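Take a look at the structure set out below.
Residue numbers (UniProt numbering): 1 to 207.
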């Protein structure tokens with residue numbers, strides 16, 4: 001049997017630390033566990049930890065990036081077979097809001113990560129995964145005539161992403177998650193319909 005290379009061991013160690021942190025943060029919240037508790041569960045050392053992460057907050061940031069990567073993957077599944085770019089945006093937002101009712105997402109991604117990393121950093125990470133996708137979908141919607149030309153598809157993508165994030169945070173912080181999810185989904189629907197009706201070629205709707 002071939003021994004694993006140093007690079008493979010390093011990757012496995014980092015994955016074990018993230019897996020341990022993911023479980024502990026979900027169970028106790030970010031502030032309810034320490035680096036030592038993460039290492040105990042991961043069966044790793046402080047030297048290995050600090051080789052991969054500068055501190056506990058860096059682990060949380062890595063978990064946020066992990067969530068974003070999974071979100072991109074899921075969005076491809078959610079939009080499979082849908083031709084309309086606006087419908088892809090709408091369906092993806094609906095599914096995201098449902099996903100955000102998961103206790104882990106509510107606690108770690110939408111509560112701890114936002115408070116620990118700060119508003120600016122949290123949104124910068126999210127934007128890095130979502131803005132290009134939304135921008136391309138809006139450009140495609142213009143190309144096929146689903147909506148009319150707009151001053152900036154990039155800015156509209158930012159506004160849609162900001163609204164979706166705000167809806168997710170609203171759901172995450174609600175005492176009645178399901179009712180809040182339904183309200184947030186209806187709000188997203190209204191936003192998408194407004195973009196479609198106000199920007200469709202030939203529309204006489206007020207701008």
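Ideal Cβ positions, reconstructed from N, Cα and C, are used throughout, including at glycine. Source: prediction; values computed, not measured.
Beta carbon of residue i, beta carbon of residue j: below 7 Å?
i	j	result
residue 213	residue 68	In the structure as shown, the chain begins at 1 and stops at 207. Residue 213 is therefore absent and cannot be evaluated.
residue 171	residue 180	yes
residue 93	residue 156	no
residue 85	residue 141	yes
residue 134	residue 160	yes
residue 39	residue 49	yes
residue 24	residue 89	no
residue 42	residue 17	yes
residue 107	residue 29	yes
How long is the line joining the alpha carbons of residue i and residue j, rounded to whole angstroms?
i	j	result
residue 33	residue 176	27 Å
residue 127	residue 7	30 Å
residue 212	residue 99	Any question about residue 212 goes unanswered here, given that the chain covers just 1 to 207.
residue 12	residue 174	37 Å
residue 143	residue 158	19 Å
residue 9	residue 59	18 Å
residue 37	residue 15	16 Å
residue 190	residue 54	43 Å
residue 35	residue 196	49 Å
residue 115	residue 139	34 Å
residue 45	residue 21	14 Å
residue 87	residue 146	10 Å
residue 122	residue 169	12 Å
residue 76	residue 31	33 Å
residue 183	residue 101	13 Å
residue 203	residue 153	Annotation note: pLDDT 47 at residue 203 (below 50); position unreliable, no value reported.
residue 124	residue 78	24 Å
Contact defined as beta carbons within less than 8 Å: I believe residue i pairs with residue j. What is the distance between those atoms, to the nearest angstrom?
i	j	result
residue 71	residue 96	7 Å
residue 188	residue 167	6 Å
Unbroken stretches of the alpha helix (DSSP H), 4 residues or longer, contained in the stretch 106–136: Entirely contained in the stretch 106–136, the alpha helix (DSSP H) runs reaching 4 residues are, in chain order, 113–117.
Secondary structure, alpha helix (DSSP H): runs of 4+ residues fully inside the UniProt domain "HTH tetR-type" (11–71): Segments of the alpha helix (DSSP H) lying fully in the UniProt domain "HTH tetR-type" (11–71): 35–42 and 46–52.
Continuous alpha helix (DSSP H) assignments of at least 4 residues falling wholly in the stretch 164–199: Fully enclosed alpha helix (DSSP H) runs of 4 or longer: 177–199.
Any alpha helix (DSSP H) of 4 or more consecutive residues that is wholly inside the stretch 68–94: You should have found no qualifying run.
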